[in-house]
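Enquirer: First residue of the sequence shown: 23, per the numbering used here; consecutive thereafter. One structure follows; several queries about it will come next.
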Amino acid sequence: MSPEEFRQLWESLLVRASDKFEVPPEVVRIGDSVICTLGNFSASTGKGKSKKTFNVSAIVAAALTNGRVLNYQASFPEGKRRILYFDTEQSADYCLKIIRRINRLCGYPETMDQDRIKFAHLREKGTLMRRWIIEQALAIEPEVGLVIIDGLRDLLYDINSSAEAAEVIGLLMRWSSQYNLHIHTVLHLNKADDNVRGHIGTELNHKAETILQITKNDADGNISEVKASLVRDREFRPFAFSINEEGLPVLAEGYEPAPLPPRVTFDYQSMTEEMHRVALDIAFNGISDPIGYNELLHQLMVGYSSSLGFSRSRTIIAKLKQFLIKNDILRKVPGRKYVYNRDFHYVQPEKPEETV
């Protein structure tokens, strides 16, 4: 890059106080909560058979009609009414079922081809080819306002690679910003807990505008509950849908969301040595070499949430890391990396006696 080329790049990156701030168009809402805006990306997450794809079908149908389906109210501006749907997991015949379901949710004949939506199945393509196809499609479809990527995991070779996860999330940020559209992805949750899978899940938590969690109802397996796992706007009231006799998602009648359980305080200073050891043995299972900062925080999130049920923000986990270093449970080594001192010994500080 020549000095003049860098100067042009540098100028394009600067934010000036005199710049005009434009609020990105709000294109999908649930009640008063903004779920999707142009220039951002979001996700639906859930375990297997939680009916994530049915939920995405409802979002797409709302976008196609610029109306309401389930609790999703869409309002895409003119010139941004087209939709691209990429499925990386299912066969062509199953994808056909999805597009016909979307048609029926819109009130259209199920076999009618819609000019405003294009559905591509990428199951048989390689990882890099999937990314390339999405990139090229966005470049030739200027009026696209919504992109669905059903199977975000399939844009990576290794779901546990922090570098690859950052690269793919970087693609979502660039695509959504460069083409001024919204990207909605689908990612599975871990079977053992409610955490999104791998490093890509951690990056998604940091950068996504909204993450919807789809959960099968414990009492009635035909009902799936939708709640906000993460939302930058105000949180919406959870709702639920069931599948009717026509195979379409409809709002579940009489559904009342369960009251939220009391929040458990993450008081890592009051944990016993054994509690820390169990959590850290899970976090560093199979890891003996020094690891970097981002990978360390991810592994701590996995260890403490899996063993103790403490799923906390990156900020809290960073404070936990400092606590572990202070007590020689973690050690910082050259290269800005960290190792687990498996021979640590931690003594809980005694609590002062209460005076009468």
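Each residue gets a CB set at the ideal place from its N, CA and C atoms; glycine is no exception. The structure displayed is predicted, hence computed values, not measured ones.
(1) Does the distance from the CB of S55 to the CB of V248 come in under 8 Å?
(2) Taking the C-alpha atoms as reference points, what is the distance between R145 and A161?
(3) Run through the stretch 213-252 for me and flag every whole beta strand (DSSP E) of 3 or more residues, listed as ranges in chain order.
(4) By the three-class DSSP mapping on this structure, what secondary structure does L177 have?
(5) Any idea what DSSP makes of P260, helix, strand or coil?
(6) So, V49 versus H204, is the Cβ gap smaller than 8 Å?
(7) Where E26 and V208 are concerned, what is the direct C-alpha to C-alpha distance, given to the nearest angstrom?
(8) I'd like the span of the alpha helix (DSSP H) that includes R298, first residue to last.
(9) Report all residues from its chain with a CB closer than 8 Å to the CB of R90; omit the five preceding and five following residues, and keep chain order.
(10) How big is the Cα-Cα spacing for T75 and S246?
(11) Consult DSSP for F76 and reduce its assignment to one of helix, strand or coil.
(12) Is the separation between the beta-carbon of I181 and that of L226 shorter than 8 Å?
(13) If you pair each beta-carbon of the stretch 226-244 with each one of the stretch 65-73, do three or more pairs fall below 8 Å?
(14) What do you reckon, are the CB atoms on P312 and K343 nearer than 8 Å?
(15) Does any C-beta atom of chain C lie closer than 8 Å to the C-beta of K140?
(16) Taking the Cβ atom as the reference point for each residue, do S292 and Q370 lie within a distance shorter than 8 Å?
(17) Beta-carbon within less than 8 Å of S24's beta-carbon, same chain only, minus the 5 sequence neighbours each way: which residues are those?
(18) S64 and T232 look like a contact to me (Cβ under 8 Å); what is the Cβ gap, rounded to whole Å?
(19) Check whether the stretch 114-122 and the stretch 151-159 touch, using three or more Cβ-Cβ pairs below 8 Å as the test.
(20) Count the other CB atoms within 10 Å of the CB of M134; is the residue buried (16 or more) or exposed (fewer)?
(21) Just to confirm the assignment: which complete beta strand (DSSP E) runs, minimum length 3, are found wholly within the stretch 87-143?
(22) Between the Cα of Q200 and those of P164, L319, H206, spot the shortest distance and give me the residue it belongs to.
(23) On the criterion of 16 or more Cβ atoms from any shown chain inside 10 Å, does W32 qualify as buried, or is it exposed?
(24) Across which residues does DSSP place I309 in a beta bridge pair?
(25) Mapping the DSSP letters down to three states, classify R51 as helix, strand or coil.
(26) Can you grab the Cα-Cα spacing for the pair T87 / S310, in whole Å?
(27) To the nearest angstrom, report how far apart D115 and L194 are at their CA atoms.
(28) So, R336 versus L352, is the Cβ gap smaller than 8 Å?
(29) Got a sec? Which residues, its chain only, sit under 6 Å from E100 by beta carbon, not counting five neighbours each side?
(30) Could you check if S40 is buried or exposed, using at least 16 other CB atoms within 10 Å of its CB as the buried criterion?
(31) Tell me the DSSP bridge mates of R353?
(32) If you follow the beta strand (DSSP E) that S184 is part of, which residue opens it and which one closes it?
(33) Going by the beta-carbon positions, is the gap between L127 and A80 smaller than 8 Å?
(34) What residues are listed by DSSP as bridge partners for S328?
(35) Looking at C-alpha atoms only, which residue of L234, I170, E268 is the closest neighbour of A262?
(36) Beta strand (DSSP E) containing S335: first to last residue?
Expert: Looking at the atomic coordinates:
(1) Judged by beta-carbon spacing, V248 lies beyond the 8 Å limit of S55, meaning their Cβ atoms are not closer than that value.
(2) Rounded to whole angstroms, R145 to A161 spans 21 Å at the Cα level.
(3) Within the stretch 213-252, the runs of beta strand (DSSP E) at least 3 residues long that lie entirely inside it are, in chain order, 232-238.
(4) Note: L177 maps to helix in three-state DSSP.
(5) Per DSSP, reduced to three states, the secondary structure at P260 is coil, with no helix or strand assignment.
(6) If you check the CB distance, V49 and H204 come in under 8 Å.
(7) Distance from the CA of E26 to the CA of V208, rounded to the nearest whole angstrom, comes to 41 Å.
(8) For clarity, residue 298 is His in the given sequence; the question names Arg instead. Taken as a continuous stretch (DSSP letters only), the alpha helix (DSSP H) holding H298 covers 295-305.
(9) For R90, where only same-chain residues beyond five positions count, the Cβ hits under 8 Å are A84, A96.
(10) T75 and S246: Cα-Cα distance of roughly 11 Å.
(11) Here DSSP, grouped into helix, strand and coil, assigns F76 to helix.
(12) Taking a C-beta distance under 8 Å as the contact criterion, I181 and L226 do not qualify as a contact pair.
(13) Yes: the two stretches touch, three or more of their Cβ pairs being nearer than 8 Å.
(14) For P312 and K343, no; Cβs fall outside 8 Å.
(15) Here chain C cannot be found, since the structure has a single protein chain.
(16) It is a contact, given that the beta carbons lie within the stated cut-off.
(17) Counting only residues of its own chain and dropping the five nearest sequence neighbours on each side, S24 has no CB closer than 8 Å to any other CB.
(18) The pair is a contact, with the Cβ atoms about 4 Å apart (cut-off 8 Å).
(19) In the pairwise beta carbon analysis, the stretch 114-122 is classified as not touching the stretch 151-159: fewer than three pairs are separated by under 8 Å.
(20) The residue is exposed, with fewer than 16 neighbouring Cβ atoms inside 10 Å.
(21) If we require 3 residues or more, the beta strand (DSSP E) runs fully inside the stretch 87-143 come out as 94-96, 104-109, 139-143.
(22) Answer by Cα proximity: P164.
(23) By the 10 Å Cβ count, W32 comes out exposed.
(24) In the DSSP output, where bridge partners are listed per residue, I309 has none listed.
(25) Strand at R51.
(26) Each residue's alpha carbon lies about 54 Å from the other.
(27) Answer to the nearest angstrom: the Cα atoms are 27 Å apart.
(28) Taking 8 Å as the Cβ cut-off, R336 and L352 do not qualify as a contacting pair.
(29) Contacts found: none.
(30) In this structure S40 is exposed. Its beta-carbon is surrounded by fewer than 16 other beta-carbon atoms within 10 angstroms.
(31) DSSP, once it has assigned bridges, lists V361 as partnering R353.
(32) Careful: S184 lies outside any beta strand (DSSP E), inside the alpha helix (DSSP H) at 184-200.
(33) Yes, the pair counts as a contact, with Cβ atoms nearer than the cut-off.
(34) DSSP, once it has assigned bridges, lists no residue as partnering S328.
(35) Closest option to A262, Cα to Cα, is L234.
(36) Here S335 belongs to no beta strand (DSSP E), and DSSP marks it neither H nor E.
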